[in-house]
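Residue numbers (the numbering used here): 263 to 417. Note that CB positions come from ideal geometry on N, CA and C, so glycine has one too. Note that the coordinates shown come from a computational prediction; the quantities given were computed from them, not determined experimentally. Inspection log for the structure reproduced underneath, given as structure tokens.
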Amino acid sequence: MSPAFPIDAAKLTPHARPMLAVDEVLAAEAGSGLVALRARTDAWYMRGDGTWDEIAGVELISQAAAAISGLSPPAGATRPPVCFLAEVRQYRVHGEVRAGDDLRISIQRAGEFGGFFVVNGTLRRDGDVLAEAELTFWRDERTDAGGMAEGTDHG
């Protein structure tokens, strides 16, 4: 049975606010999907002038990929899967995020190998591409906390 969208991203990732930046998964299928977030004035990635720190795009795309990965946890899992960012390739910034922007991050699964997966992520505002990257992750397939402190932000 397909999940009912949207789904709160906090239920799908080990991140917690204030580090959790993405809000909800709007759609997903086969490791690809669409994630929404609103750029809040008090978000960790926003500067005092209401614009973003551009390097934060890597983390925003990473969190979107982690939320989509959380839709398919390992069998018997007692927590969302933890995805560790292993490589950033071809990160490009094309525009600026401003406080109050409603953003969408599309994630396309590009491949998998030996516990790793690769995604192409694109951050958009009203259809305009603001940032894009190819990211490689290692996904922890353990079904319990694996020695990590409960409630800890593993992002």
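What did DSSP end up calling residue i once you bin it into helix, strand or coil?
i, result
"residue 359", "coil"
"residue 378", "strand"
"residue 403", "coil"
"residue 368", "strand"
"residue 266", "coil"
"residue 388", "coil"
Using the C-alpha atoms, what's the distance from residue j back to residue i?
i, j, result
"residue 318", "residue 264", "31 Å"
"residue 331", "residue 399", "10 Å"
"residue 345", "residue 311", "32 Å"
"residue 269", "residue 348", "26 Å"
"residue 371", "residue 379", "8 Å"
"residue 289", "residue 367", "11 Å"
"residue 314", "residue 351", "20 Å"
"residue 363", "residue 394", "17 Å"
"residue 316", "residue 376", "31 Å"
"residue 298", "residue 390", "14 Å"
By Cβ distance below 8 Å, which residues in the same chain neighbour residue i in space, the five residues on each side in sequence not counted?
i, result
"residue 210", "Beyond the ends of the chain as shown, which are 263 and 417, falls residue 210; an answer cannot be given."
"residue 392", "319, 355, 356, 357, 358, 359, 365, 385, 386"
Keeping to the same chain, check which residues put their C-beta closer than 6 Å to that of residue i; ignore five residues upstream and five downstream.
i, result
"residue 369", "294, 295, 326, 327, 330, 381, 383"
Considering only residues of the same chain and omitting the five flanking positions on each side of residue i, which have a CB-CB separation below 7 Å?
i, result
"residue 275", "282, 325, 328, 329, 332, 342"
"residue 303", "312, 361"
"residue 267", "287, 288, 289"
In or out: residue i buried (at least 16 other Cβ within 10 Å) or exposed?
i, result
"residue 291", "exposed"
"residue 403", "exposed"
"residue 301", "buried"
"residue 305", "buried"
Exercise for review: Any chance you could list the alpha helix (DSSP H) runs of at least 4 consecutive residues sitting entirely within the region 270-346, in chain order?
Suggested key: 318-331
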